[in-house]
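Take the sequence shown: its letter number 84 is residue 913 in my numbering, and every next letter is one higher.
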Amino acid sequence: MAEPGDLNIPRPETRFSRCTNCGSTSFRPNGPFQCQGKGSDPFNYKRWFDICEECNKFLWYNPPTALHLIPEDVQIRCTIKKSAKEDGDGDNSLFCPVDGCRTAAKNEPRKANKGCLRPIPHCSGCCKAAGGCALRAHRVSSSVGDSPAETPSPSINTPPVAVRREYARPFDPNYAKPYIASHGHLITESIKAAADEKAKDLSYVVIWSKASLSSTLQFNADSGPYAPARFKFINERSGHFIPNFAPPIVAASAASTLPNFISVLDFTTAQPTWVGQNLQCAIAVSKTSQVLLRTCDITADSDCLELESEILLYGSPLTANPIPAIVGSKSRLLHRVGSSIFPVQYTCEMVPVMLALSGIKNDGPALRSAFEEHVPGAEFVQQTVYRNVALYKSAVRLGILEKYIKFARTTDGKWSNVRNEVGQLTLKPTAPKAMVPMTIDLTGDEIVVEPDSVEVVPDLDSGPCKGNL
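Set out below in structure tokens:
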């Protein structure tokens, strides 16, 4: 019986006339070729073949080689290559089998050269260190004259480079301490910023109840009308006020004839309408908006003191910067406009600001302080403030403010309309016949505009003053 490696299959004397797959008569030149067992199929060892130039099909001249005739190193090499193809998940890489053969950059196993003719393919360095193989890239140089004599040639007994394992050492106790400290600071700042942002999400609530809810208010009588109580709450849910989270509202509802329910003034309809709901229902609001409530045992609007003024000044549909409710029922001058722009858009918002600023004369610091108190966040420009104060005094002198105040937060109630009308009236050749100084009273249930005296400015177009300007 022939021994492995002793196969001596003669070269075929005649070649295939045509390809059995595509019928082409064109084959690779210099064929046929003999397989050296470098592929993944060991049974092709020493077989003769041709390759079709059209379809690249292998045409074999001999049957597969018997297993006992295939050398062991060929069998091992083919088996390794076949396993790498099946288990490599698309990566057909082979790794050098020498212990400790790793890359210096990433300390990873070094890939072997698939063309290495050793039984198990090695990388170039390890193959040369072991004496090399027939592969051209793995041959050990035989030139002695070009290299120093004292330089030893690589030997198979050369110990491999020690693997660096610094990454396996335990962490230092102070490892990442600066990062953790800075990260904790950022978390603290983030929580603080979120809390500050939530604190700005306020709801101003006005509620009418038969039960007294504030020590600053007199006890409500057994029969109406009932004075309102005003509160300011931080919304538990962003953009929504939930009455169930407000203890005064819960107490007022519990004292009424219909506990756990409350009436809300709805401005989304054509006319403001009272709508009943339970305390768990959320009321959609915007920042610094106002909510008008009353207990369900109050059914008549006449039983709600200052209801008309609340609707006039603050009860119109919500805008981007609605006016908050005011704590206290006697003075409107402490009201802060929920806007960072001056002049304010609506006349009903502008009048309380002008009432506070118009009485300050020749005192810049006091004017700035009052301005920042009533219009927080707006830029103080002294000329702009004086110009609007003069416009306000002209509107009072001309008696045109009352109608714009009654328009509330509508297009007709804008401060720009007051400015336009004052401009038109002052451009006329003759002034109005009744220019009476007016006083605006905001302390009652509704805005009242009254003349300062019964004296009437004389008509300059008639009488003894005619033509004497």
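Cβ atoms here follow ideal geometry from the backbone N, Cα and C, with glycine treated the same way.
Proximity of residue i and residue j at Cβ, strictly below 8 Å
i, j, result
"Pro948", "Asp1001", "no"
"Leu923", "Ile909", "yes"
"Ser853", "Glu882", "yes"
"Cys907", "Cys884", "no"
"Ser1032", "Asn1064", "yes"
"Tyr890", "Phe872", "no"
Beta-carbon separation (whole angstroms), residue i vs residue j, contact threshold 8 Å
i, j, result
"Leu1134", "Pro1054", "5 Å"
"Ala1083", "Phe1062", "18 Å between Cβ atoms; not a contact."
"Leu1141", "Lys1235", "7 Å"
"Cys1125", "Thr1086", "7 Å"
"Leu1122", "Val1035", "7 Å"
"Phe1090", "Gln1106", "7 Å"
Residue(s) in a DSSP beta bridge with residue i
i, result
"Asp1030", "Paired residue(s): none; Asp1030 is not in a bridge."
"His1069", "Arg1066, Ala1113"
"Thr1086", "Per DSSP, none; premise fails for Thr1086."
"Thr1097", "Thr1097 pairs with nothing; no bridge assigned."
"Asn1107", "Phe1090"
"Arg840", "Looking at the DSSP assignment, Arg840 forms no beta bridge with any residue, so it has no partner."
"Leu1121", "Val1035"
"Phe1200", "According to DSSP, Phe1200 bridges with nothing at all."
"Gln863", "Trp877"
"Tyr1175", "Lys1243"
"Arg1059", "Val1035"
"Lys940", "Phe924"
Residue burial classification, residue i (beta-carbon count within 10 angstroms, cutoff 16)
i, result
"Glu1018", "exposed"
"Ala1081", "buried"
"Phe887", "exposed"
"His967", "buried"
"Thr843", "exposed"
"Asp928", "exposed"
"Ser1131", "exposed"
"Gly1068", "exposed"
"Pro1057", "buried"
"Ile1170", "exposed"
"Thr894", "buried"
"Gly961", "buried"
"Asn942", "buried"
"Ala1326", "The chain is shown from 830 up to 1298; residue 1326 falls before or after that span and cannot be answered."
"Arg840", "exposed"
"Pro1205", "exposed"
"Glu1139", "buried"
"Ile1127", "buried"
"Asp1030", "buried"
"Asp1025", "exposed"
"Asp1192", "exposed"
"Ala1207", "buried"
Min CB distance residue i to chain D below 8 Å
i, result
"Ser1067", "This model lacks chain D altogether; it includes just one protein chain."
Quiz prompt | Touch test, the segment 1105-1119 against the segment 1007-1027, Cβ-Cβ under 8 Å, three pairs minimum | solution = no
Practice problem: For the segment 1232-1247 and the segment 1177-1188, state whether three or more C-beta atom pairs, one from each stretch, are separated by less than 8 Å. | Solution: yes
Practice problem: Decide if the segment 1195-1209 is in contact with the segment 1225-1239; the criterion is three or more beta carbon pairs, one per stretch, under 8 Å apart. | Solution: No, they do not touch.
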